[in-house]
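In the numbering used here, the protein residues as written are 6 to 237. We treat Cβ as the ideally placed atom computed from N, Cα and C, and that holds for glycine. These numbers come from a predicted model, not from an experiment. Here the structure is laid out as structure tokens; the discussion comes afterwards.
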């Protein structure tokens, strides 16, 4: 039993070291994507291959026309406080893409209400490709009928707005976008882009050391029990 425990704990420690190597590689790949030159947003022929491992946080650019009447506000908490993300569909040659134009303070609750300041005509955006957040927010369910959104669920938002041929991802507009003065400014309070938080927890080394210590303790317990038997 002690031998089985030692082997099991050691195997878990090795597994955590492998997870640590995978996490460090992921962090490195994401860092390189974030700071790379923007590439054209994937078109419909590539949508099926877009996933978190290969595409999340890639810098992209897209040009098209915003559908401000189909804007959606999604609850958000940022370094600026509580408020909403402004998600607006953009019709592009590559299909319709939801663009998170940025953050607005909590007192704005009228989608499309700042129509006079909204960018009109063809607009260019650069930002980070983000994977859809299907389902609901933490402890809260999306309620499309009541216009209460807690997660950026692309499919649900597209269905609620009657959008078709929508990309299965969305784009977080960045603060350095070529049109940041138009896209990210509707007067005081937003929407303000460039607030994407890129953070990965990496406690695998601590977990690995814990499992290895348990393996050593199992070995020590076995010796503690066996040595008196040998003396007899």
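Nearest by alpha-carbon distance to residue i: which of the options is it?
| i | options | result |
| --- | --- | --- |
| residue 78 | 98, 110 and 19 | 110 |
| residue 126 | 215, 152, 86 and 68 | 68 |
| residue 16 | 212, 84 and 70 | 212 |
| residue 200 | 107, 46, 39 and 43 | 107 |
| residue 21 | 209, 57 and 229 | 209 |
| residue 214 | 9, 202 and 25 | 25 |
| residue 166 | 102, 76 and 132 | 76 |
| residue 57 | 151, 95, 38 and 19 | 38 |
| residue 196 | 23, 81 and 52 | 81 |
| residue 163 | 139, 41, 225 and 86 | 139 |
| residue 131 | 177, 226 and 12 | 177 |
| residue 71 | 203, 226 and 168 | 168 |
| residue 84 | 228, 231, 202 and 229 | 202 |
| residue 128 | 12, 88, 95 and 23 | 95 |
| residue 97 | 134, 105, 47 and 42 | 47 |
| residue 135 | 105, 152, 6 and 154 | 105 |
| residue 153 | 88, 32 and 226 | 88 |
| residue 42 | 32, 133 and 231 | 133 |
Counting only beta-carbon separations shorter than 9 Å, does residue i have a partner in chain C?
| i | result |
| --- | --- |
| residue 156 | Among the chains in the structure shown there is no chain C, since it carries only a single protein chain. |
Report the partner residues of residue i according to the DSSP bridge assignment.
| i | result |
| --- | --- |
| residue 170 | Answer is none; residue 170 lacks a bridge partner. |
| residue 175 | 103 and 135 |
| residue 46 | For residue 46, which the question treats as bridged, DSSP gives no partner whatsoever. |
| residue 108 | 90 and 197 |
| residue 153 | 148 |
| residue 127 | 70 |
| residue 97 | 100 |
Should residue i be labelled buried (16 or more other beta-carbon atoms within 10 Å of its own) or exposed?
| i | result |
| --- | --- |
| residue 205 | exposed |
| residue 50 | exposed |
| residue 59 | exposed |
| residue 90 | buried |
| residue 233 | exposed |
| residue 156 | buried |
| residue 27 | exposed |
| residue 86 | exposed |
| residue 228 | exposed |
| residue 18 | buried |
Below 8 Å CB to CB, which residues in the same chain sit around residue i once its five sequence neighbours on both sides are set aside?
| i | result |
| --- | --- |
| residue 45 | 65, 66, 67 and 99 |
| residue 14 | 216, 217, 219, 220 and 223 |
| residue 29 | 207 |
| residue 1 | In the structure displayed, the chain extends from 6 to 237; residue 1 sits before or after that span and is not available. |
Who are the near neighbours of residue i in its chain, counting only those whose CB is closer than 6 Å to its CB and skipping five residues on each side?
| i | result |
| --- | --- |
| residue 35 | 62 |
| residue 149 | 165 |
| residue 180 | 198 and 199 |
| residue 7 | 223 and 227 |
| residue 10 | 223 |
Sorted by chain position, which residues of the same chain lie with C-beta nearer than 7 Å to residue i's C-beta, five sequence neighbours on each side aside?
| i | result |
| --- | --- |
| residue 146 | none |
| residue 159 | 103, 137, 171, 173, 174 and 175 |
| residue 52 | 172 and 173 |
| residue 161 | 147 and 149 |
| residue 231 | none |
| residue 55 | 47, 173 and 174 |
Query raised in the report: Of all the alpha helix (DSSP H) runs that stay within the bounds of the region 57 to 95, which reach a length of 4 or more residues?
Result: 57 to 60
Query - Sequence ranges, alpha helix (DSSP H) only - wholly within the region 11 to 43, length at least 4 - result: none
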